[in-house]
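Numbering (this note's numbering), first residue to last: 340 to 552. A virtual CB, placed ideally from N, CA and C, is assigned to each residue, including glycine. Given the structure is predicted, the values throughout are model-derived calculations rather than measurements.
See below:
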C-alpha cells in the first residue's frame, strides 16, 4: 500500500502506469474506497497492477487511516472486495447517467443494513462500549456513505474527469459545481501545459508568416 501524508478528510495517494504518484480526492469516502483497486478501466490511468487491498493487513491499514477499528480478518477482506466492486459499478453508471444493476444495489444495501461505526465525540477518557468497533462496521459506514452519495442525499454531482485520457470519477461538491479535473496536480496541470504550448505554437506560426505586401 502507498503511504503518505493525508491532505484532506477524503482522498488518497494513487499511482499511475508510469509510476508517478498523485493525491486524488474523490470527494466521498465510498468513491475513495472504489479506487483502492482495479476497476477494469484502462482509461483511469492507474497502474495495471494497482491493488491496495491484497490481504487483511492492507485493509486494516486503509481503514485505520480513517477509523478506529480492530484488526480485520480474511472474511472482512472478502466482504470489502465484494462491496468495493458493487460501489465501483454503481459509481460508473452514475457518472454515465445510466441505471445501475439491481445486484450491485442489493449488495450495497446489504452492507448498509448492518451495524455501522457509532458517532464518537473526541476528548473523553474512556472507551464507549465493551469492545473496539470492528472492521465490518467500517464497511457498513462506507456502504451507508454510498447510499447517501448515489441516492442524492449528499448533494453534488458525480462526474468523470474532463481530460480526454482520464476516466477517474469524483463527486463534485464545489460551490459552483464547476470542478473539471480529477486532480489539479495531474490532469488540471497537464491541461494548462497543453494550453501554454498551443499558444506558443500559434505565436511561432504567426511570427513565421511573411509580412503582407
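Buried versus exposed call for residue i [16 or more other C-beta atoms within 10 Å across all chains shown]
i           : result
residue 393 : exposed
residue 460 : exposed
residue 525 : buried
residue 552 : Residue placement at residue 552 is poorly supported in this model, since its pLDDT is 49, which falls under 50; the coordinates are not used for a value here.
residue 350 : buried
residue 425 : buried
residue 391 : buried
residue 504 : exposed
Rounded distance between the beta-carbons of residue j and residue i, thought under 8 angstroms
i           : j           : result
residue 445 : residue 476 : Incorrect: roughly 20 angstroms between the Cβ atoms, too far for contact.
residue 373 : residue 405 : The Cβ separation is near 14 angstroms, so there is no contact.
residue 488 : residue 367 : 5 angstroms
residue 517 : residue 506 : About 19 angstroms separates the two Cβ atoms, so there is no contact after all.
residue 482 : residue 508 : With a Cβ gap of about 18 angstroms, residue 482 and residue 508 do not count as contacting.
Chain-order list of residues whose beta-carbon lies under 8 angstroms from that of residue i (same chain, five-residue window excluded)
i           : result
residue 409 : 470, 471, 472, 473, 474
residue 376 : 389, 390, 391, 392, 420, 423
Beta carbon of residue i nearer than 9 angstroms to that of residue j
i           : j           : result
residue 510 : residue 395 : no
residue 353 : residue 362 : yes
residue 430 : residue 496 : no
residue 512 : residue 494 : yes
residue 479 : residue 451 : yes
Proximal residues to residue i (C-beta, below 7 angstroms), its chain only, five neighbours per side dropped
i           : result
residue 501 : 519, 520
residue 522 : 361, 362, 363
contact_flag[the region 407–418, the region 439–447] where n(CB pairs < 8 angstroms) is 3 or more: no
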